[in-house]
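Residue numbers (full-length UniProt numbering): 1 to 174.
Glycine included, each C-beta is placed from N, C-alpha and C at the ideal position.
Please read the structure below before turning to the comments.
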Amino acid sequence: MFKNKQCLQAMRHTNNEFRFPQLQRLSSIPDERLTPEQTATLHEITQAGSWASQVLSEGSQLQEKLFTTQKELANAKTELADAQMQLVDSASVYDSLRHDYDIETRVLHEALKNGTNGSISSPRTPEHLNPNPDHFSGATSSELPIFLNKMRLKLRANRDWWPTEQDRLELLRF
């Protein structure tokens, strides 16, 4: 609004009201020397100066609000730019994860179509007709060798079903 800040500061009084030094000098002239018309004119000039001081004060406040709003807007623009960059980064991460998911899904579908579980090992042989032996209760010790022979036959006939010792122990738990 004002180009010369020094001029503005010269008009500013200590209580932050704008004053015009010329008006102060005119108001110090004794009223006896002025005619009623001059007094009325001086009164109008004083009111105009007071109004101008109020306008300047309000203008100064609005200017301060404008500067504050401009700073807030600049900060908001920076935050928006950061948020947009994070969104772009998130989108690229999502695209990468989606691509990996699609590949894994295709591999899984191919494995299911081929009848494998995705491992390198070949599919199991069909289960042989060796039934699971009766559960060993331990009531008589003479039943133990019979139970062990039946288990050996079962494990030997379908050894690819129970390749590890842990798998074979799982079969014994039935």
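Could you give the first and the last residue of the continuous alpha helix (DSSP H) run that contains residue i?
i, result
"Gly59", "36-114"
"Asn149", "143-157"
Could you check what DSSP says for residue i in three-state terms: helix, strand or coil?
i, result
"Asp160", "coil"
"Asp167", "helix"
"Arg33", "helix"
With a cut-off of 8 Å on the beta carbons, I'd call residue i and residue j a contact; round off their distance for me.
i, j, result
"Leu155", "Trp162", "6 Å"
Give me the residue from the options with the minimum Cα distance to residue i.
i, options, result
"Lys150", "Val88, Leu34, Leu172, His43", "Leu172"
"Pro133", "Phe147, Ser96, Ser142, Ser141", "Phe147"
Does the beta carbon of residue i fall short of 7 Å from some heavy atom of the ligand FAD?
i, result
"Gln54", "In the structure on display, the ligand FAD does not appear, and there are no ligands present to speak of."
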